[in-house]
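In terms of our numbering, the sequence shown opens at residue 215 and continues consecutively.
We treat Cβ as the ideally placed atom computed from N, Cα and C, and that holds for glycine.
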Amino acid sequence: MKTKPLEYQSNSEHTIICHNTTALKASHPEVRKLKRHSAAQSAHGNKIWRSSFVLIDYLSTYPPELEATILEVGCGWGLTGIYLAKHYAANVTALDIDDTVEPFLRLQALENNADVTFQLGDFARLKVTDLESYDTIIGADICFWDDLVEPLYDFIKLSLSAGVNRIIIADPGRPPFWALCDIAVEHLNGEVLTRRIDKPRKTEKFILSIERK
Ligand SMILES: C[S@@+](CC[C@H](N)C(=O)[O-])C[C@H]1O[C@@H](n2cnc3c(N)ncnc32)[C@H](O)[C@@H]1O
Numbered sequence: 215m216k217t218k219p220l221e222y223q224s225n226s227e228h229t230i231i232c233h234n235t236t237a238l239k240a241s242h243p244e245v246r247k248l249k250r251h252s253a254a255q256s257a258h259g260n261k262i263w264r265s266s267f268v269l270i271d272y273l274s275t276y277p278p279e280l281e282a283t284i285l286e287v288g289c290g291w292g293l294t295g296i297y298l299a300k301h302y303a304a305n306v307t308a309l310d311i312d313d314t315v316e317p318f319l320r321l322q323a324l325e326n327n328a329d330v331t332f333q334l335g336d337f338a339r340l341k342v343t344d345l346e347s348y349d350t351i352i353g354a355d356i357c358f359w360d361d362l363v364e365p366l367y368d369f370i371k372l373s374l375s376a377g378v379n380r381i382i383i384a385d386p387g388r389p390p391f392w393a394l395c396d397i398a399v400e401h402l403n404g405e406v407l408t409r410r411i412d413k414p415r416k417t418e419k420f421i422l423s424i425e426r427k
């Protein structure tokens with residue numbers, strides 16, 4: 215059983231609460247301390263992106279079953295996976311291509327007394343055998359470059375063929391995301407919806423949801 219050191223107690227100036235999950239802001243002293251000793255993140259894993267808050271809100275309406283096995287792709291600081299581990303006892307693997315995000319993920323998980331397993335890797339290199347144990351795959355703001363569209367589409371197809379039941383990707387609505395939505399809706403029966411939240415930030419994002427037929 216982990217105990218939370220005193221220095222990790224919540225401070226509203228430096229924390230955001232989203233569905234009873236605490237996010238430490240980049241301004242939090244412990245985050246700043248990590249940043250001082252970290253190399254720069256290579257692919258935008260340098261904060262908790264707002265799509266995470268919207269994805270958490272969506273998952274609060276459409277939660278996984280208790281103790282589901284979940285892969286969070288492009289986890290960055292991993293708040294969505296932490297939310298699922300904390301509130302639904304999900305077995306979460308948080309995958310990112312950038313190893314510098316891991317200490318930030320661990321800090322956020324510690325703050326929430328949640329267990330999440332970090333895996334360093336590129337989603338595009340995962341094989342069927344790596345994916346077949348997952349019930350659900352989630353990702354927030356992971357389709358931000360044009361050259362991510364095709365690998366993400368192939369990854370989604372592979373995941374479905376491996377038996378993954380549900381893939382959910384939240385995004386602010388960048389052009390590569392819409393390109394992914396177009397092919398996922400046409401070929402994989404994907405659905406796209408708009409999700410607005412007022413808390414912890416007023417924002418509107420988009421969700422691509424694909425279910426195995
Ligand atoms: C914009 S950030 C979003 C981070 C987090 N999901 C969030 O919402 O706060 C994109 C993340 O995707 C990761 N990433 C980019 N390409 C990846 C790949 N091919 N495989 C795994 N992770 C990747 C980056 O390192 C980064 O952490």
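Identify whether G353 lies in helix, strand or coil by the three-state DSSP scheme. Translated into positions along the sequence shown, residue 353 becomes position 139. Strand.
Going by DSSP in three states, C232 sits in which element: helix, strand or coil? Locating residue 232 in the sequence shown gives position 18, counting from the first residue. Three-state result, C232: strand.
Classification of H242 by the beta-carbon crowding that lies within 10 angstroms, buried from 16 upward: Within the sequence shown, the letter at position 28 stands for residue 242. By the neighbour-count rule (16 or more Cβ atoms within 10 Å), H242 is buried.
If you count every other CB in all the chains shown that lies within 10 Å of the CB of N326, and 16 or more means buried, which is it? Position 112 of the sequence shown, counted from the start, is the residue given in the question as residue 326. Flag for N326 reads buried.
Cα-Cα separation between L334 and I397, rounded to whole angstroms: By one-based count along the sequence shown, residue 334 stands at place 120. By one-based count along the sequence shown, residue 397 stands at place 183. The straight-line gap separating the alpha-carbon atoms of L334 and I397 is approximately 28 Å.
Taking 8 Å as the cut-off, does the stretch 312-328 touch the stretch 378-393 (at least 3 CB pairs, one atom from each stretch)? no
Looking at the structure shown, is I262 part of a helix, part of a strand, or coil, going by DSSP? If you number the sequence shown from 1, residue 262 lands on position 48. Three-state result, I262: coil.
Any chance you could list the beta strand (DSSP E) runs of at least 3 consecutive residues sitting entirely within the stretch 269-300, in chain order? 283-287
Are at least three pairs of beta-carbons, each pair with one atom in the stretch 299-315 and one in the stretch 276-290, less than 8 Å apart? yes
Between K341 and ligand 1, is the CB less than 8 Å from at least one heavy atom? As a first step, residue 341 must be located in the sequence shown, where it is residue number 127. Outside the cutoff, so no.
How many Å lie between L402 and T294 at the Cα? Here residue 402 refers to the residue found at position 188 of the sequence shown. Here residue 294 refers to the residue found at position 80 of the sequence shown. If you take the alpha carbons of L402 and T294, they lie about 24 Å apart.
Given that a residue counts as buried once 16 or more other Cβ atoms are within 10 Å of its Cβ, and exposed if not, what is V330? Counted from its first residue, the sequence shown places residue 330 at position 116. It is buried - the Cβ of V330 has at least 16 other Cβ atoms within 10 Å.
Can you find the residues in the same chain that come closer than 8 Å, C-beta to C-beta, to R409, ignoring five residues on each side of it along the sequence? For the purposes of this step, residue 409 is identified with residue 195 of the sequence shown, where counting begins at 1. Taken in chain order, the residues that qualify are V268, D271, Y272, A384, E418, K419, F420, I421.
Rounded to a whole number of angstroms, what is the C-alpha to C-alpha distance between L340 and I411? Start at 1 with the first residue of the sequence shown, and residue 340 comes out as number 126. Start at 1 with the first residue of the sequence shown, and residue 411 comes out as number 197. Whole-angstrom Cα-Cα distance: 33 Å.
Is it the case that the CB of H258 approaches a heavy atom of ligand 2 more closely than 8 Å? Although ligand 2 was asked about, the structure shown includes only ligand 1 as ligands.
Give the straight-line distance between the Cα atoms of I424 and K261, rounded to the nearest whole angstrom. Taking the first residue of the sequence shown as position 1, residue 424 is located at position 210. Taking the first residue of the sequence shown as position 1, residue 261 is located at position 47. Using only the alpha carbons, I get a separation of about 26 Å.
Contact belief for G288 with D310 at Cβ below 8 Å, rounded distance in angstroms: Position 74 of the sequence shown, counted from the start, is the residue given in the question as residue 288. Position 96 of the sequence shown, counted from the start, is the residue given in the question as residue 310. With a Cβ gap of about 6 Å, G288 and D310 count as contacting.
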